[in-house]
Amino acid sequence: MNEANDLAGAVASEPADEAAPGKGRPEAVPPDDRPGAGRRAARGREGTAPPLRHRIITVSLLTVAAIYFLTPVYWLVVSSTKSSSDLFGTFGFWFHDPHPLDYLHRVLTYDDGIYVRWFANSLMYAGVGALAATLLAAAAGYALAKFRFPGREGIFNVILAGVLIPGTALALPLYLLFSEIGLANTYWAVLIPSIVSPFGVYLCRIYAAAAVPDSLLEAARIDGAGEARIFSTLGLRLMTPALVTVFLFQFVHIWNNFFLPLVMLSDSDLYPIQLGLTSWQGYADRQPELYQYTVGGAFLSVLPLMVLMGVLQRYWRTGLTEGSVKA
Numbered sequence: 001m002n003e004a005n006d007l008a009g010a011v012a013s014e015p016a017d018e019a020a021p022g023k024g025r026p027e028a029v030p031p032d033d034r035p036g037a038g039r040r041a042a043r044g045r046e047g048t049a050p051p052l053r054h055r056i057i058t059v060s061l062l063t064v065a066a067i068y069f070l071t072p073v074y075w076l077v078v079s080s081t082k083s084s085s086d087l088f089g090t091f092g093f094w095f096h097d098p099h100p101l102d103y104l105h106r107v108l109t110y111d112d113g114i115y116v117r118w119f120a121n122s123l124m125y126a127g128v129g130a131l132a133a134t135l136l137a138a139a140a141g142y143a144l145a146k147f148r149f150p151g152r153e154g155i156f157n158v159i160l161a162g163v164l165i166p167g168t169a170l171a172l173p174l175y176l177l178f179s180e181i182g183l184a185n186t187y188w189a190v191l192i193p194s195i196v197s198p199f200g201v202y203l204c205r206i207y208a209a210a211a212v213p214d215s216l217l218e219a220a221r222i223d224g225a226g227e228a229r230i231f232s233t234l235g236l237r238l239m240t241p242a243l244v245t246v247f248l249f250q251f252v253h254i255w256n257n258f259f260l261p262l263v264m265l266s267d268s269d270l271y272p273i274q275l276g277l278t279s280w281q282g283y284a285d286r287q288p289e290l291y292q293y294t295v296g297g298a299f300l301s302v303l304p305l306m307v308l309m310g311v312l313q314r315y316w317r318t319g320l321t322e323g324s325v326k327a
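Residue numbers (the numbering used here): 1 to 327.
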């Protein structure tokens with residue numbers, strides 16, 4: 001009897017021992033900690049990647065586009081190291097007896113340094129004009145996106161119509177207008193038209209509507225902030241990617257603008273780079289060295305755009321408002 005009781009007690013205590021931690025059957029392992037889970041997850045991520053042929057096609061197209069856009073810049077770099085005779089007598093895509101510093105020095109000192117003055121004019125036209133156009137577009141786009149007032153959509157439609165009008169069609173009417181008020185052949189004749197950017201207003205309105213939450217503005221108003229302070233401290237910061245885009249587009253547009261200065265200006269001291277280089281090219285038949293000066297000046301005119309793009313591209317960030325508004 002005693003042996004039977006002992007056997008029954010051992011059988012009854014067996015399940016309890018198996019259920020105890022660290023004894024008998026092992027604990028359940030979380031799915032993410034199981035052996036091979038990382039490899040399976042990696043294979044799952046690889047399965048969502050685009051096929052290899054699609055990546056090859058994409059890289060090939062981007063390479064062709066890069067070559068297409070960088071080839072003229074490479075030609076400028078090579079040609080700026082050559083004399084006028086070597087420009088026409090040697091292979092255009094390779095160096096021949098290069099003297100870059102000597103030739104660029106001649107460009108900067110020709111005609112009492114007129115190129116330096118043109119360069120400063122272009123910086124002033126493009127820098128001041130692009131900055132003013134960006135601020136004006138930001139204020140107009142923010143107002144159209146965040147305030148309701150009579151005629152809002154009508155004003156926006158007129159601005160959209162302004163995007164469709166080419167700048168060359170407005171050059172002659174602008175010249176007649178500025179001549180009447182005595183501003184033709186002055187810096188203002190190029191600056192004032194440059195601060196108006198219908199595309200910038202359109203872009204800022206679209207971006208402000210998407211990137212500036214109404215709840216964040218209401219919270220600022222509840223805290224007692226005025227509309228001007230809200231726009232300067234919240235609106236401008238949240239719209240930074242759009243503002244950088246508008247500034248770059250407007251800067252490049254003004255920098256490369258040729259027709260408006262051609263119509264407005266008659267004094268060579270007021271010329272921007274593009275108009276000044278064209279005037280050099282017009283006299284190159286009688287002064288062949290101007291061919292080399294024109295190429296060297298064109299190379300120098302590209303450098304500010306390259307620097308500006310490299311400096312400002314880091315501001316093209318999205319998602320600046322993540323976490324700023326509680327869901």
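For every residue, glycine included, the Cβ atom is placed at its ideal position computed from N, Cα and C.
query, result
"Proximity of I273 and S122 at Cβ, strictly below 7 Å", "yes"
"8 Å CB neighbourhood of L234 in its chain, flanking five on each side removed", "V212, L216, L217, A220"
"Short Cβ contact (7 Å threshold) for A130 with L260", "no"
"Straight-line gap, I254 to G127 (C-alpha atoms, nearest Å)", "9 Å"
"Beta-carbon contacts of S197 that lie in its chain and below 6 Å, excluding the five residues immediately before and after", "A133, A137, Q250"
"Three CB pairs or more closer than 8 Å across the segment 268-282 and the segment 80-90", "no"
"Same chain, Cβ closer than 8 Å to V263, neighbours up to 5 away in sequence not counted", "A171, L172, L174, Y175"
"Buried versus exposed call for A228 [16 or more other C-beta atoms within 10 Å across all chains shown]", "exposed"
"Through-space distance from D97 to F91, alpha-carbon basis", "12 Å"
"Span separating the alpha-carbon of L108 from that of N256", "20 Å"
"Closest by C-alpha distance to I192, when choosing among L183, F199, G200", "L183"
"N-terminal and C-terminal residue of the alpha helix (DSSP H) that K146 is part of", "114-146"
"Spatial distance of V252 from L290 (CA atoms)", "25 Å"
"Which of helix, strand or coil DSSP assigns to L183", "coil"
"Classification of G22 by the beta-carbon crowding that lies within 10 angstroms, buried from 16 upward", "Note that G22 has pLDDT 43, beneath the 50 cutoff, so the model's placement of it is unreliable and the number below is only indicative. Exposed, by the Cβ-count rule."
"Inter-residue spacing [alpha-carbon to alpha-carbon] between C204 and I159", "12 Å"
"Within 7 Å, strictly: CB atoms of A189 and F199", "no"
"Cβ separation of Y293 and R106, assumed to be a contact under 8 Å, to the nearest whole Å", "7 Å"
"Expected contact under 8 Å - CB spacing of L76 and F299 to nearest Å", "4 Å"
"Other residues of its chain near Y110: CB distance less than 7 Å, five sequence neighbours each side excluded", "Y293"
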